[in-house]
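Student:
Shown next as C-alpha cells:
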C-alpha cells in the first residue's frame with residue numbers, strides 16, 4: 002500500500018447484559034502514506050450501570066495510538082501507546098446458606114443502600130498507560146534485527162470496608178449474622194429463645210432485602226455518634242493499592258541461515274518497581290482516625306509502641322487521601338539471553354532446540370517503621386538473587402500429508418514471584434526460609450490427522466513443579482486478626498489428555514467435538530510459616546496439602562458444536578459439559594497446629610493420625626451456547642459485520658464455577674436436611690444466567 006494513502010475506518014457498537022451493557026469503538030488507520038508515515042488511532046467506551054449481577058457498575062474508556070515511519074527498505078521506527086482507565090464494582094462469593102436465604106445464586110453482599118441509592122463497597126479502579134517504541138532493521142534478505150523499549154505505569158486500587166475498635170463487622174453475610182450461627186441445626190437441640198431468634202433472623206434474611214445488604218446509613222450514623230463523643234471513626238472505606246512502574250529493553254536477531262536452518266537470538270532487560278500501600282478513601286462522615294493497628298491495640302494496649310503502623314510518626318491523624326497502615330516497594334530486576342534454532346532434514350522431519358539463561362534480583366524497601374518489627378520494616382531487605390535458565394527441544398514428524406506427530410520437552414529454573422517471596426511483606430522485610438528457584442519439567446506428545454472428512458488432534462502432556470512458594474494473606478476469623486501464611490517447597494503435578502476433531506458433514510455443515518481430562522494437584526506437604534500482623538513472631542509449621550487439586554477451572558470439559566455457513570451467514574450451536582471443579586482449599590485449615598487443635602484420630606493400630614479435611618468437588622453441569630452472524634460486503638471496499646452471541650441459553654443457574662473455603666479453623670459439615678443445604682464455611686461462584694452480546698461493525 003506504499004503511496005496509496007488508503008485509510009480504513011471502523012465503527013463498532015455492541016450491547017449486552019453482562020458486566021457492561023453498551024460498548025462503542027471508533028478506529029481510524031491511514032495506511033502507509035507517500036511520506037512513509039502510517040498512523041492508527043482507536044477510542045472505545047464500555048458502560049454498565051448494572052449488568053446481570055445487582056450492585057455492580059462498570060465504566061471503562063480505552064485508547065490506542067500507533068505511528069510508524071518507514072525510512073527505506075531497511076529501516077523503520079514505530080511507536081505505540083495505549084491505556085484503559087476502568088472503574089468497576091465487584092461481586093463477592095457467598096455461602097450456600099446466604100444464597101438460599103436470598104433466594105438467588107447471584108446474591109452480592111458487597112453493596113447496600115445509601116440515601117436510597119445503591120453503593121458498592123468494593124470498587125476497582127485501574128489505569129495502565131503503556132508505550133513501546135521499536136526499531137526494525139532489515140540487515141539483508143536473511144537477517145533482521147528488532148529492538149524495542151517499553152514503559153508501563155499501573156495504578157491499581159481496590160476499595161474495601163474497614164472498621165475500628167470494638168465496632169461490629171458490617172458485612173451483611175458475616176457468618177455470625179446468619180441463622181446457622183445461633184445454633185447447630187444438624188446436631189443441637191435449640192432452646193425456646195434460640196429457636197425464636199433463629200426464626201426472626203431467617204425471616205429477615207428472606208423477606209427484608211435491606212437486611213441482607215450493607216447498611217451505609219447505619220455506618221454514617223455510628224460515625225456521627227463517635228464524632229459527638231470525640232472518639233475514633235468506627236467505619237471507613239480504604240483503598241488498597243498494588244501499583245507498578247516497569248521498564249523493559251529487548252533486542253531480537255533473526256537469521257535465516259539457509260533454506261533448512263534458521264535461528265533467533267535475543268537479550269532482554271526488565272526492571273519493575275511495585276508500590277504497595279493503602280490510603281483512606283472515605284471516612285464515611287467520621288472526623289478522627291489514628292494510624293494504629295487495631296489488633297495490636299487489643300493484644301498489647303494502646304500505649305505500647307507495637308500498635309504503631311508508622312513508629313516514626315506515632316499516632317498520626319489520617320484524613321481522606323492519606324496513606325496509612327503500610328507502605329512499601331518491591332523492586333525486581335531481570336536480565337536474560339536466549340537462542341532458538343530451527344531446522345528440517347529436507348523432508349518429513351522438523352525440529353528445534355532452544356535455551357535461555359538469566360538472573361533475577363529482588364528486594365523490599367519499607368517506607369514505614371512498623372512497631373511490630375521496628376528493626377525489620379524500614380529500609381532495604383537486602384537482595385535475593387537467582388540464576389535462571391532453561392532448555393527446550395521438539396520435533397515434528399510428518400508421516401504423510403494427513404498424519405504427523407509432534408513431541409516437545411523442556412526443563413526450566415525460574416525465580417519465584419516477588420509477592421510470594423516475603424513472609425509478611427506489609428510489616429517486615431523477612432524473606433521466605435530456604436527461598437530457591439522454581440523447577441519446571443514437562444513435555445507433550447501430539448498426534449495430528451487431516452483427512453478429507455475429518456481433521457483433529459490428540460495430545461497428552463505432563464508438567465512437574467518443584468520448589469514453588471505461595472503466600473496467603475487474610476483476615477483470620479478464628480484468631481480475630483490479620484494473618485499471613487507462607488508455604489515453600491511446594492511440589493505439584495499437572496497432566497492430562499486433550500482431543501479435538503472436526504467432521505465435515507457437508508460443504509456447509511461441520512461437527513466439532515472437543516474433550517479434555519486433566520489432573521492438577523499438590524504432591525507433598527510443604528513447609529509453612531504463620532505470622533500475625535499484630536506481632537513479630539513467625540511460627541514454623543506444615544500444611545497438609547498433598548492430594549489437593551488446583552481450583553478455578555474444570556479438570557474435565559467436553560464440548561460438541563455444530564457450525565453452518567452459507568452465503569455469508571454463519572450459525573453455531575455448542576453444548577458444553579464441565580466437571581471435576583474443585584474449590585480453593587484453605588491452607589490454614591490444614592496447618593499441622595490447627596489439625597492438632599481440632600483433635601487427631603487413630604488408625605487401625607491405635608496410632609494417632611491427623612484428620613486432614615478433604616477438598617470439595619462441585620457437581621458437573623451443562624451449558625448451551627449459540628451465535629449467529631453475517632458479513633456483508635458493500636461497494637468500494639466497505640463492509641458491515643453483524644454478530645449475536647447467546648450464552649447459557651437454558652439459563653442453568655445452578656452451575657457452580659468455583660469457590661473457596663474460608664480461613665477458619667472451626668469444624669464444619671455439609672448439610673442436606675429438611676431446613677436447607679449449605680456448607681457453613683465455603684463460599685461459591687455461579688455461572689452467569691442467560692446472557693447475550695450483540696456486535697455491529699461498519700468498515701469504510
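Numbering (our numbering), first residue to last: 2 to 701.
All residues carry an ideal CB built from backbone N, CA and C; glycine is no exception.
(1) Taking three-plus beta-carbon pairs below 8 Å as touching, is the stretch 372-387 in contact with the stretch 400-411?
(2) Reducing DSSP to helix, strand and coil, say where residue 688 ends up.
(3) Quick check: the stretch 528-542 against the stretch 571-586, are there 3 or more CB pairs under 8 Å?
(4) For the structure I just gave you, are there three or more beta carbon pairs, one from the stretch 127-147 and one from the stretch 97-104, closer than 8 Å?
(5) Given this structure, state the Cα-to-Cα distance separating residue 694 from residue 556, to the nearest angstrom.
(6) Less than 8 Å between the beta carbons of residue 418 and residue 352, yes or no?
(7) Which whole-angstrom value describes the C-beta separation of residue 245 and residue 286, a residue pair presumed to lie in contact below a C-beta threshold of 8 Å?
(8) Locate the beta strand (DSSP E) running through residue 344, then write down its first and last residues.
(9) Compute the Euclidean distance between the alpha carbons of residue 676 and residue 231, then round it to the nearest angstrom.
(10) Name the DSSP bridge partner or partners of residue 362?
(11) Are the CB atoms of residue 56 and residue 112 nearer to each other than 8 Å?
(12) Taking 8 Å as the CB-CB cut-off, is residue 205 touching chain D?
(13) Indicate the three-state DSSP secondary structure (helix, strand or coil) for residue 285 in the structure shown.
(14) What are the residues that DSSP puts in a beta bridge with residue 164?
(15) Is residue 400 buried or exposed, if buried means 16 or more other CB atoms sit within 10 Å of its CB?
(16) By DSSP, does residue 677 sit in helix, in strand, or in coil?
(17) Taking the continuous beta strand (DSSP E) assigned at residue 88, which residues delimit it?
(18) Of the choices 415, 51, 94, 355, whose alpha-carbon is the least far from that of residue 394?
(19) Residue 100 to residue 20, Cα distance in whole Å?
(20) Three or more beta-carbon pairs under 8 Å between the stretch 256-268 and the stretch 333-349, yes or no?
(21) Please classify residue 454: is it buried, with 16 or more other beta-carbons within 10 angstroms of its beta-carbon, or exposed?
(22) Terminal residues of the continuous beta strand (DSSP E) containing residue 141?
(23) Name the DSSP beta bridge partners of residue 125, please?
(24) Over the uninterrupted alpha helix (DSSP H) stretch that includes residue 197, give me the two end residues.
(25) Near residue 13, what residues of its chain come up, given a Cβ to Cβ distance below 6 Å and the 5 sequence neighbours on each side ignored?
(26) Which residue comes first and which comes last in the beta strand (DSSP E) that contains residue 661?
(27) Short of 7 Å in beta carbon distance, which residues of its chain neighbour residue 569, apart from the five on each side in sequence? Order them along the chain.
(28) Along the beta strand (DSSP E) that carries residue 413, what are the first and last residues, could you check?
(29) How many Å lie between residue 350 and residue 254 at the Cα?
(30) Taking C-alpha atoms, which residue in 323, 311, 319, 362 lies nearest to residue 334?
(31) In the DSSP assignment, what are the bridge partners of residue 48?
(32) Express the C-alpha separation of residue 618 and residue 673 in angstroms, rounding to a whole number.
(33) Decide yes or no for the touch test of the stretch 206-223 against the stretch 298-306: beta carbon pairs closer than 8 Å, at least 3 of them.
(34) Less than 8 Å between C-beta atoms, sequence neighbours within five positions excluded: which residues of the same chain meet that for residue 18?
(35) Are there 16 or more other CB atoms within 10 angstroms of the CB of residue 321, so buried, or fewer, so exposed?
(36) Relative to the C-alpha of residue 595, which residue among 486, 503, 499 is closest?
Tutor: Looking at the coordinates:
(1) Segment contact: the stretch 372-387 against the stretch 400-411, fewer than three CB-CB distances shorter than 8 Å; contact not assigned.
(2) It is coil, neither helix nor strand.
(3) The stretch 528-542 vs the stretch 571-586: no contact.
(4) In the pairwise beta carbon analysis, the stretch 127-147 is classified as not touching the stretch 97-104: fewer than three pairs are separated by under 8 Å.
(5) 27 Å
(6) no
(7) Actually they are not in contact, since the Cβ atoms of residue 245 and residue 286 sit about 33 Å apart, beyond 8 Å.
(8) 324-345
(9) With a pLDDT of only 40 at residue 676, under the threshold of 50, the placement of this residue in the model should not be trusted; the figure read from the coordinates follows. Cα to Cα, the separation comes out at about 46 Å.
(10) 334, 386
(11) yes
(12) In the displayed structure, chain D is absent; only one protein chain is listed.
(13) coil
(14) Note: residue 164 sits in a beta bridge opposite 236.
(15) exposed
(16) With a pLDDT of 42 at residue 677, under the threshold of 50, the modelled position of that residue is not reliable, and no figure is offered here.
(17) 87-90
(18) 355
(19) Distance between the alpha carbons of residue 100 and residue 20: 20 Å.
(20) yes
(21) exposed
(22) 131-141
(23) DSSP lists 89, 159 as partners of residue 125.
(24) 193-208
(25) 26, 698
(26) 657-661
(27) 631, 632, 633
(28) Run containing residue 413: 404-415, per the beta strand (DSSP E) assignment.
(29) 25 Å
(30) 362
(31) 23, 60
(32) Only weak support exists for where residue 673 lies, its pLDDT of 38 falling under 50; the coordinates are left without a value.
(33) no
(34) 52, 53, 692, 693
(35) exposed
(36) 486
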